[in-house]
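Remarks on the structure that follows.
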Amino acid sequence: MKKILISLSLISFFLSFRWESFADENWDYFLKWKESCILDNTLYLISQKEPPYLEYDNKDIDSKYNKYFQDLKINVDVSSWKNPFEKAKILYKETQNKIFNCAIMNSKLKIWQKIISLINSKSWSKTNTVNKIETQNKTLIDQIKENKCIDFNKENSTSTFKITLLENVIYQNCIYVNYLNYLNSYAWENIQQVLKNNSWTKLKTNTVNDVISKSWNDIAWEKIHSKTVYNQALIAYSEFENTYGIHTLLLFIYDDYISIRSWLDKTLAPLSQLFYKIPKAQKQ
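Counting along the sequence shown from 1, when you hit position 186 you're at 167 in this note's numbering, and nothing is skipped either side.
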């Protein structure tokens, strides 16, 4: 164990002379590999193309990340997280949350518009549910704009956003995984800097081996976790799209049921009273 620690210490000592060159090289690799992540310009669900991932030692991380959150109307401050890895996790999570939120709002809007268009084309009488949905549509359009989502209201006529959401989620995950690879390389090639900042977490002993093992394990787990979460979220979203239209139609059925019940109550109540009073009148 001592030999391993001594060897790693020597490696860190050697690498510390090349700190800047390695940092620049790793960052250039990240920028290069990030270009392999592709998303059609017409498919963006949020107004910001991608999160502003920055170099490990960039002093503007907090201000740039917080500015990104402000632009997207996300109430988060990354200053409370200590290191670039944790800050990047928050940046990725909040971006994906915003994308799913925008997909849900656009999908609901499209489904409601499609149902209302069908009702209008048949010249059916407007029910309370139709009036409520028309009011909610106007509110939803405002919310889409306020939340910095791309408004697909006039872009296309589709009512499903499964493929669009899938493209956005994979695109964001692709960039994020490449950024995690950059952080992983940085931790290995800039051990002195990582040790100096105690950047990952408070360890029992700040040894080189501890820091490297911790960073590798955390990043490896985060890659697996991020993919698992977005797969589960996509399944949940697919179920939402498959059932939400039916749920909305059930509201119309329920509305009709209430209307029929009210009409029957008004119509049959006098008749029932009449039938109740006739026998009494005959006895008298």
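Note that CB positions come from ideal geometry on N, CA and C, so glycine has one too.
Put simply, of 82, 216, 79, 119 the residue whose alpha carbon is nearest the alpha carbon of residue 93 is 119. According to the DSSP secondary-structure assignment, residue 155 is paired through a beta bridge with no residue. Only residues of its own chain outside the window of five on either side were considered, and among them 36 have a CB closer than 6 Å to the CB of residue 8, listed in chain order. Beta-bridge partners assigned by DSSP to residue 130: 27. The Cβ neighbour count for residue 168, taken over all protein chains shown within 10 Å, is at least 16; the residue is labelled buried.
Between the beta-carbon of residue 219 and that of residue 154 there is about 17 Å, and that puts the pair past the 8 Å contact cut. The three-state secondary structure of residue 233, taken from DSSP, is helix. Rounded to whole angstroms, the separation of the alpha carbons of residue 33 and residue 19 is 16 Å.
Nearest Cα to residue 87 within the set 14, 29, 142: 142. In the structure shown, the three-state DSSP call for residue 142 is coil. The three-state secondary structure of residue 62, taken from DSSP, is coil. Exclusion of the five residues before and after residue 131 leaves 25, 26 as the residues of its chain whose Cβ lies within less than 6 Å of its Cβ.
Within the model, the alpha-carbon separation for residue 214 versus residue 224 is close to 15 Å. For residue 52, the uninterrupted alpha helix (DSSP H) segment begins and ends at 42 to 52. Here DSSP, grouped into helix, strand and coil, assigns residue 38 to coil. In this structure, residue 11 and residue 163 form a Cβ contact; the two beta carbons are roughly 4 Å apart against a cut-off of 8 Å. Excluding five sequence positions before and after residue 128, the CB atoms of its chain that fall closer than 6 Å to its own CB belong to 54, given in chain order. In this model, residue 146 and residue 80 are separated by some 7 Å (Cα to Cα).
In this structure, DSSP gives residue 32 a state outside helix and strand, which the three-state scheme calls coil.
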